[in-house]
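**Q** Have a look at the structure that comes next, please.
Residue numbers (my numbering): -17 to 49.
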């Protein structure tokens, strides 16, 4: 298991376009599962909607975990 703490820098937060780019990169790692955790909750990165459901905003700290 690998994890990385990051702070959202995008002024608009993680909306549709950045979510799409993140999910496209995850496809490059078949057999891996990814999760994102923040103060608002935790979700598997399985689709754009699951990522956008967290409503990540600029300045928020998140932890991304790959297993």
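Positions of the beta carbon are idealized from the N, C-alpha and C atoms, including for glycine.
The model shown is predicted, which means the values in this text are computed figures rather than measured ones.
Under the DSSP definition of a beta bridge, which residues are partnered with residue -4?
**A** Residue -4 pairs with nothing; no bridge assigned.
**Q** Can you tell me which residues form a DSSP beta bridge with residue 20?
**A** Partner(s): 23.
**Q** Going by DSSP in three states, residue 28 sits in which element: helix, strand or coil?
**A** Residue state, collapsed to three classes: coil.
**Q** Are the Cβ atoms of residue 43 and residue -13 separated by less than 9 Å?
**A** Yes, the Cβ-Cβ distance between residue 43 and residue -13 is below 9 Å.
**Q** Quick check: the stretch -13 to 1 against the stretch 10 to 17, are at least 3 beta-carbon pairs closer than 8 Å?
**A** Short answer: they don't touch.
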